[in-house]
Structures are given as C-alpha cells and as structure tokens.
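Novice: Residue numbers (the numbering used here): 39 to 342. Positions of the beta carbon are idealized from the N, C-alpha and C atoms, including for glycine. Given the structure is predicted, the values throughout are model-derived calculations rather than measurements.
1) Give me, in chain order, the residues of the same chain whose beta-carbon lies closer than 8 angstroms to that of residue 219; leave out the 5 immediate sequence neighbours on both sides.
2) For residue 323 and residue 65, I'd like the C-alpha separation in whole angstroms.
3) How many Å lie between residue 165 and residue 158 at the Cα?
4) Between the Cα of residue 52 and the Cα atoms of 203, 224, 98, which residue gives the shortest distance?
5) List, from N- to C-terminal side, the alpha helix (DSSP H) runs of 4 residues or more that fit wholly inside the stretch 112 to 180.
6) Quick test of the definition: if touching needs 3 or more C-beta pairs under 8 angstroms, does the stretch 118 to 127 touch the stretch 144 to 157?
7) Strictly by DSSP, which residues pair up with residue 184?
8) Within its chain, find whatever has a CB closer than 8 angstroms to the CB of residue 223; leave out the 5 residues flanking it on each side and keep chain order.
9) Start and end of the alpha helix (DSSP H) containing residue 213?
10) By a C-beta neighbour count over all protein chains shown, 10 Å radius and 16 as the cutoff for buried, is residue 272 buried or exposed?
11) Under 8 angstroms, with one C-beta from each stretch per pair, do the stretch 80 to 97 and the stretch 180 to 189 reach the 3-pair mark?
12) For residue 75, name the three-state secondary structure that DSSP assigns.
13) Compute the Euclidean distance between the alpha carbons of residue 288 and residue 56, then round it to the nearest angstrom.
14) How would you call residue 213, buried or exposed, if buried means at least 16 neighbouring beta carbons within 10 angstroms?
15) Kindly indicate which three-state DSSP category residue 96 falls into: helix, strand or coil?
16) If you check the beta carbons only, do residue 176 and residue 194 fall under 8 angstroms apart?
17) Anyone know if the C-beta pair for residue 210 and residue 278 falls short of 8 angstroms?
18) When DSSP labels each residue in this structure, what does residue 70 get in the three-state scheme?
19) Does the separation of the CB atoms of residue 320 and residue 111 fall below 8 angstroms?
20) For residue 78, count the other beta carbons within 10 Å of its own beta carbon; 16 or more makes it buried, fewer makes it exposed. Which is it?
21) DSSP three-state call for residue 51: helix, strand or coil?
22) Measuring alpha carbon to alpha carbon, tell me which of 263, 93, 255 ends up nearest residue 50.
23) What are the boundary residues of the alpha helix (DSSP H) that residue 336 is part of?
24) Please classify residue 191: does DSSP put it in a helix, a strand, or coil?
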C-alpha cells in the first residue's frame, strides 16, 4: 500500500471517529445535564456542530467521496471554508468568554449569559459565511480547479493572504493572549490564596480550589498548543505554495505532506470541544450513561 493510500485510509478512520465524537458531544451537551451554564453549553454545542460540518464537508465529501463535478464541487469547497472559519472563530470567542468569566467579574454578569452567547454565535456564523463567499469564484467554470486569475491577479493574492491571516494567524495570537491573561490572573489569585491560608507554612496542602486552578492552567495550555501545532503544517505549506507560485503544481513528493497537513488541520476541528468538555466530570458521566443505556435496555428485555 502506497503512502498516499495509507493517508486516505487514515483519513477515513479519522472521519468516522470525528463524526462519532462530535455527535456524542452534541447529544450529551444538548441534554443540559453536565452542570454547565446555559451560555457555556451553547458555545460547546455550536463548536461541536461547526466541527461536525467540517467533518462532513471537508473530510467525507472532499477527501473521501472526492466531489470534482462543477458546480457541486465549488459549492462544497466554499461551504467547507465557511465551516472551518466558523469552527476556528467559535474557539476564539469561547476562549474570550472564559477569560471574561475568570478575570472580569463585573463584565461577567452582562456578557457571559445565554443571550450573549447566542448573539456572539450568530455573529460569528454570519461573518464566517460572508467572508468566505469569494472562494466560490476562485474556481474555473468547467473544472474544479483554481482559476489562473486566482494565481496571477493581485486582488486574489490579497484575498488569499487576508484569509490566511484571519484563519488562523489572528486566532493564534488572540488565543495565546487571552490564555496568557487568564493564566496570569489565576496565578496571582492563587498566590493571594496561599498567603491567606498560610500555605507558605505548610498548611492547606489539600486545597481543592488550588487543584482546580492548576487544572485550568493545564487545560488552557493544552488548547493553545493543540490548536497551533495542528494548524502549523497546513499554514506553512499553503504559504510556501503562494510565495513560490506552486498552487497549480502537483509534485508527487509534496502530496503526502500536503495530505498530512490537511489531516492535522482538520483534526484540530474536533479537539477543542472535547478538551473543554471531557475534563468535566459530569460530561463523562453522561457519556457513560448514554453508552450503558442500550445495554441496560437489552438486559431488561432479556430478563422480561
């Protein structure tokens, strides 16, 4: 089996896992039994839905079914760009929401609400659609390939670089800054708490609040690292292609690397929801209960 075939098989398995994971997340979170606020639940459900769209469009339709017939392929690819942008920016606004909730208590009561989450999610979704509509016009009319105008015209080069900056370079910076502010606040609050509890004299070693704050720092670092690392390969490849003018070239030596970069980038679309949600004990309990339900029903039917 060739390296390219191995990658396609990996993408197929990966698509199944991502699809299942996001469906489980949507169903579990929508039941509202995970002990999360309405606003947080809305964010997590919206992120999971966006990630599910990425799986269906970018992975299944584009990479597995390989839709290359216009105009269907142009529509599918354009909607794919929209879904990826929505997934990335929902991660950013949710990170901002958590920063406000932890660091700015006065603003928290007005911003971190169910209504606030709904407005932000709607705004991100609409902007993701509007800013990615131009991708439809970058393809040739008879073939599902980039037009020569997209390669040569400065206006399309500016659009391409603008897209590259908005997704994901600006999110990189924003997530890092927001997490830095949050972690700094947690560390300062923890230092004050240690002094108040006399921990410098060896008291309060089993402080539950301190343990929760350490978990929050680990969580934030994990989110930042996973998002940046999983997107880096794809961004570097596309930037090199734009700089060297190799958008239309299909070098065999670059195919595997390009597929790998795409797979890592798409994988980032399912990690954040589970990084946030799986760390919640009640979420894990709800997932386990959901898995047990069919088996309990079968046992009850057999016994009856």
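Specialist: Inspection of the coordinates gives the following:
1) For the purposes of this step, residue 219 is taken as residue 181 along the chain shown, with counting starting at 1. Cβ neighbours of residue 219 beyond the five flanking positions: 137, 141.
2) By one-based count along the chain shown, residue 323 stands at place 285. By one-based count along the chain shown, residue 65 stands at place 27. Between the alpha carbons of residue 323 and residue 65 lies a distance of about 13 angstroms.
3) For the purposes of this step, residue 165 is taken as residue 127 along the chain shown, with counting starting at 1. For the purposes of this step, residue 158 is taken as residue 120 along the chain shown, with counting starting at 1. Distance between the alpha carbons of residue 165 and residue 158 is about 11 angstroms.
4) As a first step, residue 52 is located in the chain shown; it is residue number 14 there, counting from the start. Out of 203, 224, 98, 98 has the C-alpha closest to the C-alpha of residue 52.
5) Runs found: 143 to 149, 152 to 170.
6) No contact exists between the stretch 118 to 127 and the stretch 144 to 157.
7) Working through the chain shown from its first residue, we reach residue 184 at position 146. According to DSSP, which records beta bridges pairwise, residue 184 is partnered with 177.
8) One-based indexing of the chain shown puts residue 223 at position 185. Excluding sequence neighbours, residue 223 sits near 140, 141.
9) Numbered from 1 along the chain shown, position 175 holds the residue referred to as residue 213. That run of the alpha helix (DSSP H) goes 208 to 234.
10) Working through the chain shown from its first residue, we reach residue 272 at position 234. Residue environment for residue 272: buried (at least 16 other C-beta atoms within 10 angstroms of its C-beta).
11) With contact defined as three or more Cβ pairs closer than 8 angstroms, the stretch 80 to 97 and the stretch 180 to 189 are not in contact.
12) The sequence position of residue 75 within the chain shown is 37, counting from 1. Here residue 75 sits in coil by DSSP.
13) Your numbering for residue 288 matches position 250 in the chain shown. Your numbering for residue 56 matches position 18 in the chain shown. Its pLDDT being 47, under 50, residue 288 is placed unreliably in this model, and the value from its coordinates should be taken loosely. Counting only the Cα atoms, residue 56 lies some 28 angstroms from residue 288.
14) What you label residue 213 is simply residue 175 of the chain shown in a count that begins at 1. Residue burial is scored here from C-beta neighbours: residue 213 has at least 16 other C-beta atoms within 10 angstroms and is therefore classed as buried.
15) Within the chain shown, residue 96 is the residue found at index 58, counting from 1. Annotated three-state conformation of residue 96 is helix, per DSSP.
16) Locating residue 176 in the chain shown gives position 138, where the first residue counts as 1. Locating residue 194 in the chain shown gives position 156, where the first residue counts as 1. Residue 194 sits close to residue 176, with the two beta carbons spaced by under 8 angstroms.
17) Counting from 1 along the chain shown, the entry for residue 210 is found at position 172. Counting from 1 along the chain shown, the entry for residue 278 is found at position 240. No. Outside cutoff.
18) For the purposes of this step, residue 70 is taken as residue 32 along the chain shown, with counting starting at 1. In this structure, residue 70 counts as coil in the three-state DSSP scheme.
19) Mapped onto the chain shown, residue 320 falls at position 282. Mapped onto the chain shown, residue 111 falls at position 73. It is not a contact, given that the beta carbons lie outside the stated cut-off.
20) Along the chain shown, one-based indexing puts residue 78 at 40. Residue 78 comes out buried.
21) Here residue 51 refers to the residue found at position 13 of the chain shown. It is helical.
22) The count along the chain shown starts at 1 and reaches residue 50 at position 12. Shortest Cα-Cα distance from residue 50 to any of 263, 93, 255 involves 93.
23) On the chain shown, position 298 is the one that residue 336 refers to. Note, residue 336: alpha helix (DSSP H), 319 to 341.
24) Reading the chain shown from its first residue, position 153 is the one you call residue 191. In this structure, residue 191 counts as coil in the three-state DSSP scheme.
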